[in-house]
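> The structure's right below; bear with me while I get my questions together.
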Amino acid sequence: MGRVDYLAMKTDVDTAALVNSDVEELKIAAKKLLTDVSNLGGLAFGVSFVKWIASFSAIYLLILDRTNWRTKMLTSLLIPYIFLTLPGVIFNFLSGDVGKWIAFVAVVLRLFFPKHFPDWLEMPGSLILLLVVSPNFLVHHIRGGWIGSVISLFIGCYLLQEHIRVSGGFRNSFTQPRGVSNTLGIILLLVYPVWALIIRVS
3 MGRVDYLAMK TDVDTAALVN SDVEELKIAA KKLLTDVSNL GGLAFGVSFV KWIASFSAIY
63 LLILDRTNWR TKMLTSLLIP YIFLTLPGVI FNFLSGDVGK WIAFVAVVLR LFFPKHFPDW
123 LEMPGSLILL LVVSPNFLVH HIRGGWIGSV ISLFIGCYLL QEHIRVSGGF RNSFTQPRGV
183 SNTLGIILLL VYPVWALIIR VS
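Rendered as structure tokens:
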């Protein structure tokens with residue numbers, strides 16, 4: 003067999019320089035994309051994050067009220083607050099077929115087996131029923147609009163005022179061992195509607 007000579011392909015342009023210039027262009031494009039996303043989505047991400055915190059603090063206050071740490075505040079107002087601030091993913095999940103089945107079981111238990119229906123399930127059952135049967139006008143216009151934020155702010159202010167009054171003053175609401183967690187939870191309720199209204203105004 004004879005010797006095979008391989009020919010090296012020669013190009014006029016340096017490939018390493020081309021790759022480096024392409025990488026530099028990709029870096030510039032990525033930086034522009036990140037700055038545009040942070041400018042456009044930064045505030046929306048903030049509102050979404052604060053909404054998660056507010057709805058979980060409302061759920062926390064509802065659970066806290068059903069334990070030994072009962073308060074004298076009107077915790078039934080937390081149900082419409084949770085309805086108005088519940089993140090879309092959880093809201094859509096609970097207002098769909100899953101929520102309908104939970105509501106059906108809750109209604110059957112309440113009607114036919116009232117002795118087996120615990121008291122602590124009253125509020126969560128009401129919330130599930132509210133999520134399932136709420137009309138589209140409430141879901142699409144009130145819940146996501148400025149009216150829902152104003153209602154949430156009113157509920158948070160009312161609960162804070164009632165908690166401070168029952169505690170015997172602002173200082174006592176932070177010094178009593180059971181009052182601190184409630185006070186912090188109620189203050190977190192105020193953060194989301196205030197933030198959402200500021201974003202809407204600006």
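Numbering-wise, our numbering puts 78 at position 76 of the sequence shown, and it's gapless, one number per residue.
Every residue, glycine too, gets a C-beta built ideally from N, C-alpha and C.
Roughly how far, in whole angstroms, is the beta-carbon of residue 187 from the beta-carbon of residue 83, given that I think they are within contact range, below 8 angstroms?
Rounded, the Cβ-Cβ distance is 11 angstroms, inconsistent with contact.
> May I ask you to report which of helix, strand or coil DSSP gives residue 136?
Three-state DSSP puts residue 136 in coil, outside helix and strand.
> Since I believe residue 52 is in contact with residue 160 (beta carbons under 8 angstroms), could you give me their beta-carbon distance rounded to a whole number of angstroms?
Contact doesn't hold; Cβ gap of about 20 angstroms is too wide.
> Compare the C-alpha of residue 86 against each of 156, 121, 171 and name the closest.
Among 156, 121, 171, the Cα nearest to that of residue 86 is on 156.
> Would you identify the three-state DSSP class for residue 172, choosing helix, strand or coil?
DSSP places residue 172 in helix when its eight states are reduced to three.
> Report the residue ranges of all alpha helix (DSSP H) runs contained in full by the stretch 79-125; include only those spanning at least 4 residues, in chain order.
Entirely contained in the stretch 79-125, the alpha helix (DSSP H) runs reaching 4 residues are, in chain order, 80-87, 90-97, 99-114.
> Can the beta-carbon of residue 77 be found closer than 8 angstroms to that of residue 64?
Yes. Within cutoff.
> With H, G and I counted as helix, E and B as strand and the rest as coil, what does DSSP make of residue 147?
In this structure, residue 147 counts as coil in the three-state DSSP scheme.
> Rounded to whole angstroms, how far is the Cβ of residue 91 from the Cβ of residue 198, which I believe are closer than 8 angstroms?
Actually they do not touch by this definition, with Cβ atoms about 18 angstroms apart.
> With 16 as the cutoff for other CB atoms within 10 Å, does residue 189 come out buried or exposed?
By the neighbour-count rule (16 or more Cβ atoms within 10 Å), residue 189 is not buried but exposed.
> Does the pairing of the stretch 95-113 with the stretch 125-136 give three or more beta-carbon distances under 8 angstroms?
Yes: the two stretches touch, three or more of their Cβ pairs being nearer than 8 angstroms.
> In whole angstroms, what separates the C-alpha of residue 122 from that of residue 111?
Distance between the alpha carbons of residue 122 and residue 111: 14 angstroms.
> Relative to the C-alpha of residue 66, which residue among 201, 200, 183 is closest?
The option with the nearest alpha carbon to residue 66 is 183.
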